[in-house]
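Chemist:
There are 2 protein chains.
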Amino acid sequence: MVHREGLGIVETQFFTFGSSSDELVLENGEKIGPVTIAYETYGELNSAKSNAILILHALSGDAHAAGFHKGEKIPGWWDNMIGPGRAFDTEKYFVICSNILGGCKGSSGPSSINPKTGKPYGLTFPPITIGDMVNCQRRLIDYLGIKELLSIAGGSMGGMQVLEWLIRYPERIKSAIPIATTLKHSPQQIAFDEVGRQAIIVDPHWKSGDYYDGARPVKGLAIARMIGHITYMSDVSMAEKFGRQKKNGSNQTRFSPDFEVEGYLHYRGDNFVNRFDANSYLYITKAMDNFDAGQDRPFHEVLREKKLKALVIAFKSDWLYPAYQSKEIVKEFKLAGLQATYCEIDSTYGHDAFLLEVEEETHLISHFLKKSVLFI
Amino acid sequence: MVHREGLGIVETQFFTFGSSSDELVLENGEKIGPVTIAYETYGELNSAKSNAILILHALSGDAHAAGFHKGEKIPGWWDNMIGPGRAFDTEKYFVICSNILGGCKGSSGPSSINPKTGKPYGLTFPPITIGDMVNCQRRLIDYLGIKELLSIAGGSMGGMQVLEWLIRYPERIKSAIPIATTLKHSPQQIAFDEVGRQAIIVDPHWKSGDYYDGARPVKGLAIARMIGHITYMSDVSMAEKFGRQKKNGSNQTRFSPDFEVEGYLHYRGDNFVNRFDANSYLYITKAMDNFDAGQDRPFHEVLREKKLKALVIAFKSDWLYPAYQSKEIVKEFKLAGLQATYCEIDSTYGHDAFLLEVEEETHLISHFLKKSVLFI
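Note that the protein sequences, when read in sequence, are chains A and B.
Quick note, in numbering that gives the first Met the number 0, the first sequence goes up one by one and the last residue is 375.
Quick note, in numbering that gives the first Met the number 0, the second sequence goes up one by one and the last residue is 375.
Written as structure tokens, this is what we have:
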């Protein structure tokens with residue numbers, strides 16, 4: 000594979016909609032507006048507006064999927080997959096990624112200022128669903144003048160948004176790539192999320208979500224993230240990365256981290272609190288737990304008679320979103336009579352594999368997209 | 000199988016040793032004394048003192064392994080395995096179980112009163128190891144006048160104590176039954192423990208372990224226990240027990256538990272804090288993480304030339320102590336030229352299976368013990 004230069008400097012843009020006459024109606028019936036959605040685009044929209052691909056991010060992701068923000072040394076979260084000559088080839092495709100509703104990276108969420116009060120929403124921000132996130136993305140696509148998406152792709156919660164797009168707007172999609180995701184959270188997935196939420200809620204600085212003018216619940220949020228990181232890795236990848244290696248400078252105080260793996264989790268937890276909002280963590284994990292692609296009627300009934308094809312990707316060592324959940328998605332596609340390719344990548348990285356198995360994913364996705372262009 | 004009556008009413012006894020002239024020397028060189036060990040015995044020691052079996056408990060267990068305490072409706076933690084006609088048949092065997100050093104159920108631990116200060120030890124309690132726990136058990140066995148144990152058995156951390164007994168006092172053991180355990184914690188096991196410890200440590204009521212005269216760090220301890228419970232069950236057992244069933248009275252306040260599985264974890268967490276000490280949780284999990292049966296020399300070298308046999312039991316759905324870890328134990332026995340039987344029980348209960356798969360375990364253990372009596 001030829002590794003080309005990436006996208007270089009990119010900028011986040013903002014789309015605001017839903018003024019008083021046109022507020023966003025949420026799935027639970029509540030209204031909210033104005034709503035701002037942060038987004039980035041890479042590549043050029045062709046004159047037929049037929050080469051657009053929407054990328055959907057996971058729990059802690061954002062609109063900055065690729066390229067570099069000015070002055071920053073770390074590129075977007077899926078940079079190795081998006082750019083000239085990469086899986087989502089920006090010489091061919093117009094790639095869009097937006098921060099989800101409820102997030103804390105430029106889109107409206109609990110840490111945003113409520114224009115009606117001039118103060119952060121906190122828990123007055125309404126409960127949101129994966130469907131509400133997708134509705135905001137649909138508004139963005141309308142605003143960009145795009146009628147039909149060549150493809151939609153995302154891993155983990157991004158994959159849930161892919162499935163929700165298929166439920167709500169199948170006529171606007173030619174192909175879909177759900178990665179390491181599920182039709183609905185299992186009780187084990189809900190349980191991990193709930194423990195993370197509890198860690199935040201019992202932090203005395205959480206103060207029922209009303210913490211924006213003082214100390215933030217950083218200790219609780221760090222613990223939530225530490226739990227998350229264990230579930231994103233695999234037993235094998237942890238053993239390969241850390242073994243039972245002792246940490247430098249361990250045993251300094253009683254119950255300080257002794258092992259490398261503990262130091263790593265602390266580092267990840269402490270790092271996360273500088274870039275993420277605890278209330279967003281609560282809102283988004285609840286949206287994930289409540290998501291159920293077959294809640295109203297079986298997913299395959301929703302898909303029946305639709306004209307789209309799918310590439311479903313899972314990873315062998317992913318125990319948070321195990322391969323059997325991806326196989327259930329494939330089964331629904333097949334029951335609906337749709338073309339669905341299933342690929343289980345033999346990775347040891349666990350759930351993180353969707354961000355790390357670049358070569359395998361590039362091979363699968365670039366080939367799939369080429370076929371999608373031809374697909375009528 | 001004939002199900003007979005259990006043991007009826009039993010009582011905890013206490014053994015105190017290590018007065019000023021004879022303090023317990025810990026693995027790290029520190030001394031502690033006097034030390035009290037809570038223990039229970041079931042059945043009768045025969046005149047040859049050759050029918051004793053030592054049961055070793057897991058993280059949250061205690062000396063009360065079987066029978067009922069007066070006025071209580073819930074029997075000991077392994078009651079379905081210990082009693083007349085049961086796996087550890089008290090009509091044949093003299094069964095002993097003691098609370099570990101560092102515990103909070105009658106044995107000396109951080110919540111005990113330090114006789115030198117008249118106040119609870121808190122973090123002045125010295126760091127302990129699985130070896131220190133075993134040393135206390137050896138003192139208890141001496142005190143009971145038992146030279147040789149017919150068998151030693153335990154699951155999870157109890158299994159680590161079994162392995163440590165084999166390292167320290169192999170000449171005093173005829174047979175060993177390590178269940179759902181490991182030669183050493185993997186980084187994933189350490190990681191889960193560390194997140195539980197952090198949940199306690201960041202609880203403002205923890206106060207560096209000095210909380211015994213005020214509010215206790217119950218919220219942190221409850222979260223540690225919630226994490227534990229997820230790891231004790233399996234994806235399948237959670238799906239069978241809870242599915243995505245909604246909780247009665249959910250949605251009462253924002254971010255209150257919506258699903259049954261969340262309510263269950265809350266119940267388990269809240270329940271645990273009434274019966275367990277947060278500092279004990281820290282000390283014991285550290286002892287587990289630091290345990291390494293092959294740290295000084297390979298385990299099979301320790302075992303070589305020894306005269307004992309082993310039954311190693313694992314459970315297929317146990318992902319906290321996966322079957323591969325039990326197979327590693329078996330391999331060490333075989334390398335040492337010892338008889339070791341390996342049984343992998345096809346259970347969906349996850350790690351909890353060692354407490355729940357009574358029929359399978361009874362079959363395996365009662366047969367193994369019969370052979371152990373004959374074994375010379």
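Glycine included, each C-beta is placed from N, C-alpha and C at the ideal position.
Keep in mind the model is a prediction, meaning the values are calculated, not measured.
With DSSP as the reference, please indicate the residues paired to Val-94 of chain A in a beta bridge.
Modeler: A:Tyr-41, A:Ile-52.
Chemist: Under 7 Å Cβ-Cβ, which residues of chain B neighbour Gly-157 of chain A?
Modeler: What Gly-157 of chain A touches in chain B: nothing, since even the nearest Cβ is about 21 Å away.
Chemist: Determine the DSSP secondary structure at Ile-8 of chain A, reduced to helix, strand or coil.
Modeler: Residue state, collapsed to three classes: strand.
Chemist: Can you find a CB in chain A that lies within less than 8 Å of the CB of Lys-245 of chain B?
Modeler: False, the Cβ-Cβ gap to chain A never drops below 8 Å.
Chemist: Who pairs with Asn-113 of chain B in a beta bridge, going by DSSP?
Modeler: B:Lys-118.
Chemist: Using only alpha-carbon positions, find the residue among A:Val-272, A:Gln-294, A:Ser-207 that is nearest to Thr-252 of chain B.
Modeler: Selected option, being the one with the closest Cα: A:Ser-207.
Chemist: By the criterion of Cβ-Cβ separation under 8 Å, what are the contact partners of Glu-261 of chain B in chain A?
Modeler: Those are Ile-189, Ala-190, Glu-193, listed as they occur along chain A.
Chemist: Run through chain A and tell me which residues come within less than 8 Å of Gly-242 of chain B, C-beta to C-beta.
Modeler: Ordered by position in chain A, the residues that pass the 8 Å Cβ test against Gly-242 of chain B are Pro-186.
Chemist: Exposed or buried, what is Asp-351 of chain B when buried is set at 16 or more other beta-carbons lying within 10 Å of its beta-carbon?
Modeler: By the 10 Å Cβ count, Asp-351 of chain B comes out buried.
Chemist: Roughly how far, in whole angstroms, is the beta-carbon of Lys-306 of chain A from the beta-carbon of Ser-174 of chain A, given that I think they are within contact range, below 8 Å?
Modeler: With 8 Å as the limit, Lys-306 of chain A and Ser-174 of chain A do not qualify as a contact, their Cβ atoms being about 10 Å apart.
Chemist: With burial defined as no fewer than 16 other Cβ atoms inside 10 Å of the residue's Cβ, what is the status of Tyr-92 of chain A: buried or exposed?
Modeler: With 16 or more other Cβ atoms within 10 Å, it is buried.
Chemist: I'd like the ranges of any alpha helix (DSSP H) spanning at least 4 consecutive residues and lying wholly in the stretch 206-263 of chain B.
Modeler: DSSP runs (the alpha helix (DSSP H)) wholly in the stretch 206-263 of chain B: 217-231, 234-240.
Chemist: Within 10 Å of its beta-carbon, does Tyr-210 of chain B have 16 or more other beta-carbons around it, so buried, or fewer, so exposed?
Modeler: With 16 or more Cβ atoms within 10 Å of its Cβ, Tyr-210 of chain B is classed as buried.
Chemist: Per the contact definition of three or more C-beta pairs closer than 8 Å, is the stretch 223-236 of chain A in contact with the stretch 162-169 of chain B?
Modeler: No, the stretch 162-169 of chain B does not touch the stretch 223-236 of chain A.
Chemist: Looking at chain B, which residues of the stretch 111-145 of chain A have a Cβ within less than 9 Å of any of its Cβ atoms?
Modeler: So the list reads Leu-122, Pro-126, given in the order they occur along the chain.
Chemist: Identify, in the order they occur along the chain, each residue of the same chain with its Cβ nearer than 8 Å to the Cβ of Glu-327 of chain A, setting aside the five sequence neighbours on each side.
Modeler: Closer than 8 Å at Cβ, skipping near neighbours: Thr-181, Leu-182.
Chemist: DSSP beta-bridge partners for Thr-340 of chain B?
Modeler: BP columns for Thr-340 of chain B point to B:Leu-310.
Chemist: Quick one: what does DSSP say Gly-195 of chain B is sitting in, helix, strand or coil?
Modeler: Reduced to three states, the DSSP call for Gly-195 of chain B is helix.
Chemist: I'd like to know whether the C-beta of Ala-381 of chain A is nearer than 8 Å to at least one C-beta of chain B.
Modeler: Nothing about residue 381 of chain A can be read from this structure; chain A reaches only from 0 to 375.
Chemist: Is Ala-64 of chain A helix, strand or coil when you go by DSSP?
Modeler: Three-state result, Ala-64 of chain A: coil.
Chemist: Are any of the Cβ atoms in chain A nearer than 8 Å to that of Pro-83 of chain B?
Modeler: No, no contact with chain A.
Chemist: For Val-301 of chain A, collect the residues of the same chain with a Cβ closer than 6 Å to its Cβ; drop the 5 residues on either side in sequence, then sort them by chain order.
Modeler: For Val-301 of chain A, where only same-chain residues beyond five positions count, the Cβ hits under 6 Å are Ile-166.
Chemist: For Phe-87 of chain B, which option in B:Ala-152, B:Leu-334, B:Lys-246, B:Asp-61 has the closest C-alpha, if you only look at C-alpha atoms?
Modeler: Measuring from the Cα of Phe-87 of chain B, the nearest candidate turns out to be B:Ala-152.
Chemist: To be precise: take each residue of the stretch 195-217 of chain B, compare its Cβ to all Cβ atoms of chain A, and keep it if any distance is under 7 Å. Which residues remain?
Modeler: Correct list: Arg-196, Gln-197, Ala-198, Ile-200, Val-201, Pro-203.
Chemist: Consult DSSP for Thr-35 of chain A and reduce its assignment to one of helix, strand or coil.
Modeler: Note: Thr-35 of chain A maps to strand in three-state DSSP.
Chemist: At the 8 Å Cβ level, is His-350 of chain B part of the contact set with chain A, yes or no?
Modeler: Chain A, which has no Cβ nearer than 8 Å to the Cβ of His-350 of chain B, makes this no.
Chemist: Which chain B residues are close to Ile-226 of chain A, counting only those with a beta carbon under 7 Å from its beta carbon?
Modeler: The contacting residues are Val-194, Ile-226.
Chemist: Along chain B, in chain order, which residues have C-beta atoms closer than 8 Å to that of Ile-222 of chain A?
Modeler: Neighbours of Ile-222 of chain A on chain B, chain order: Val-194, Gln-197, Ala-198, Val-201, Ile-222.
Chemist: Please determine whether the Cβ atom of Leu-100 of chain A lies at a distance below 7 Å from any heavy atom of the ligand GTP.
Modeler: As far as ligands go, the structure on display features none, and thus does not contain the ligand GTP.
Chemist: Measure how close the beta-carbons of Gln-136 of chain B and Ser-97 of chain B come, nearest whole angstrom, since I'm counting them as under 8 Å.
Modeler: The pair is a contact, with the Cβ atoms about 6 Å apart (cut-off 8 Å).
Chemist: As a quick exercise: from A:Lys-146, A:Gly-117, A:Leu-264, A:Tyr-168, pick the residue whose alpha carbon is nearest that of Gln-188 of chain B.
Modeler: Among A:Lys-146, A:Gly-117, A:Leu-264, A:Tyr-168, the Cα nearest to that of Gln-188 of chain B belongs to A:Leu-264.
Chemist: Mind checking Thr-15 of chain A: buried by the 16 CB within 10 Å criterion, or exposed?
Modeler: By the neighbour-count rule (16 or more Cβ atoms within 10 Å), Thr-15 of chain A is not buried but exposed.
Chemist: Roughly how many angstroms separate the alpha carbons of Asp-192 of chain B and Gly-242 of chain A, rounded to a whole number?
Modeler: Whole-angstrom Cα-Cα distance: 15 Å.
Chemist: Which residues of chain A have a Cβ atom closer than 8 Å to the Cβ of Met-237 of chain B, listed in chain order?
Modeler: Ordered by position in chain A, the residues that pass the 8 Å Cβ test against Met-237 of chain B are Ser-185, Pro-186, Gln-187, Ala-190.
Chemist: Between which two residues does the alpha helix (DSSP H) holding Ala-352 of chain A run?
Modeler: 352-355 is the span of the alpha helix (DSSP H), which, as asked, contains Ala-352 of chain A.
Chemist: At a Cβ threshold of 8 Å, is Lys-285 of chain A touching chain B?
Modeler: At least one chain B Cβ lies under 8 Å of Lys-285 of chain A.
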